[in-house]
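Working notes, structure below.
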């Protein structure tokens, strides 16, 4: 009888249709320094994070431009958290599409952001390879204490195309430090360029090679030189990769370039998803170059401000 055979063919075509994939990201090879250890075990557990497509980013950009433009009827009418959420949260259609796909494939998403635009899936490597047309491998790098699991290509099921913008970590490779091997020499060069005492800076600020010291920045951009008068002024600096500024470096910076500010002036450290341990001094030159500069100039320019450093992992 042909009827059962025809039914089997229809069922097969249905499965093929449901598993149609579209390449989302790919790269020819891993970055220099990363060596593949071979395919990751199928049973290895993997957590993938998905950025769902926001509802209205163009609308948010237009609104931000309007409230930031002098003369606009909306000038300085800053958005509330809920108003921002209305722009950046995924649409009901996107949420429904992702949840329906996840349910059909036996995986359970977890919402990991306040606006619902990031979700995660914890699944085996074997399942991830099958669902996303990937080939996850373990990679080692000299600066890593343990291998990382990545793929050179990852695809989206057809029903998720247009609903997912980012899958992470998939084809992105990074080490524990975003600083390159030349960071130490750049830091030394920076120190040489800044080797001008505050008392000598005023006449230096008008030259062709302007040292980026607090005093010169104040003169160039009209930054107030007097301390703030409001006791509750505060400013938050963000940092990533579990990196925070070195407090000793900050003290040295203040001694050299803001001797009028107590050298023991510091910042408040707020940890999110980190172990709460400051970097060892031996690691400072490489690990905290960017964080050092951000906080040194923030503290060096904003006198009587409470400076908070928000450190993410």
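Numbering (mature numbering (1 follows the signal peptide of the UniProt record, and there is no 0)), first residue to last: -18 to -1, 1 to 295. Glycine included, every Cβ here is placed at the ideal spot set by N, Cα and C. As the structure is a computational prediction, the values presented were derived from the model and not from experiment.
- In the three-state scheme derived from DSSP, where H, G and I count as helix and E and B as strand, residue 134 is classed as coil.
- With fewer than 16 other beta carbons inside 10 angstroms of its own, residue 13 counts as exposed.
- With respect to the 7 Å criterion, residue 97 and residue 69 are not classified as neighbours on the basis of their beta carbons.
- Sequence-distant Cβ neighbours of residue 250 in its own chain, meaning closer than 6 Å and more than five residues away, are 290.
- Residue nearest to residue 208 within the set 140, 145, 217, 282 is 282 (criterion: CA-CA distance).
- Assignment of residue 119 by DSSP, reduced to helix, strand and coil, places it in the strand class.
- Here the alpha carbon of residue 15 sits roughly 19 Å from the alpha carbon of residue 22.
- Listed in chain order, the alpha helix (DSSP H) runs fully inside the region 33 to 75 are 39 to 49, 63 to 70, counting runs of at least 4 residues.
- DSSP places residue 229 within a helical segment (H, G or I) once states are collapsed to three.
- Around residue 59, the same chain offers 49 as residues with beta carbons nearer than 8 Å, after the five sequence neighbours per side are excluded.
- Of the other Cβ atoms in all chains shown, 16 or more fall within 10 Å of the Cβ of residue 139; this residue is therefore buried.
- With fewer than 16 other beta carbons inside 10 angstroms of its own, residue 246 counts as exposed.
- Annotation: residue 287 to residue 72 spans about 37 Å, alpha carbon to alpha carbon.
- Put simply, of 274, 122, 141 the residue whose alpha carbon is nearest the alpha carbon of residue 225 is 274.
- At a cut-off of 4 residues, the continuous stretches assigned as alpha helix (DSSP H) that sit fully inside the region 191 to 226 are 196 to 203.
- Boundaries of the alpha helix (DSSP H) harbouring residue 111: 107 to 114, taken from the DSSP string.
- Of 135, 235, 78, the smallest CA-CA separation from residue 276 is found for 235.
- Straight across, the Cα-Cα distance linking residue 151 with residue 113 is about 15 Å.
- Nearest C-alpha to residue 155 among 65, 127, 123, 148: 123.
- Rounded to the nearest angstrom, the gap between the Cα atoms of residue 196 and residue 253 is 28 Å.
- When the beta-carbon positions are compared, residue 90 and residue 34 stay at least 7 Å from each other.
- Shown here for residue 51: same chain residues with a beta carbon closer than 8 Å to its own, the five before and five after excluded, namely 57 in chain order.
- For residue 156, the secondary structure class from DSSP, reduced to helix, strand or coil, is coil.
- 145 is the residue among 199, 217, 145 whose C-alpha sits nearest the C-alpha of residue 32.
- Residue 104 is bridged by DSSP to 29.
- The beta carbon of residue 42 is closer than 6 Å to those of 69 in its chain, skipping five residues each way along the sequence.
- In the DSSP annotation of this structure, residue 247 is not part of any alpha helix (DSSP H), being labelled neither H nor E.
- For residue 290, the beta-bridge partners assigned by DSSP are 218, 250.
- Excluding its 5 nearest sequence neighbours in each direction, residue 243 has C-beta neighbours in its own chain below 8 Å: 236, 281, 282, 285, listed in chain order.
- With contacts defined by Cβ atoms closer than 7 Å, residue 3 and residue 149 do not form a contacting pair.
- Residues of the same chain with their beta carbon placed closer than 7 Å to that of residue 272 are lacking, with the five preceding and five following residues left out of the count.
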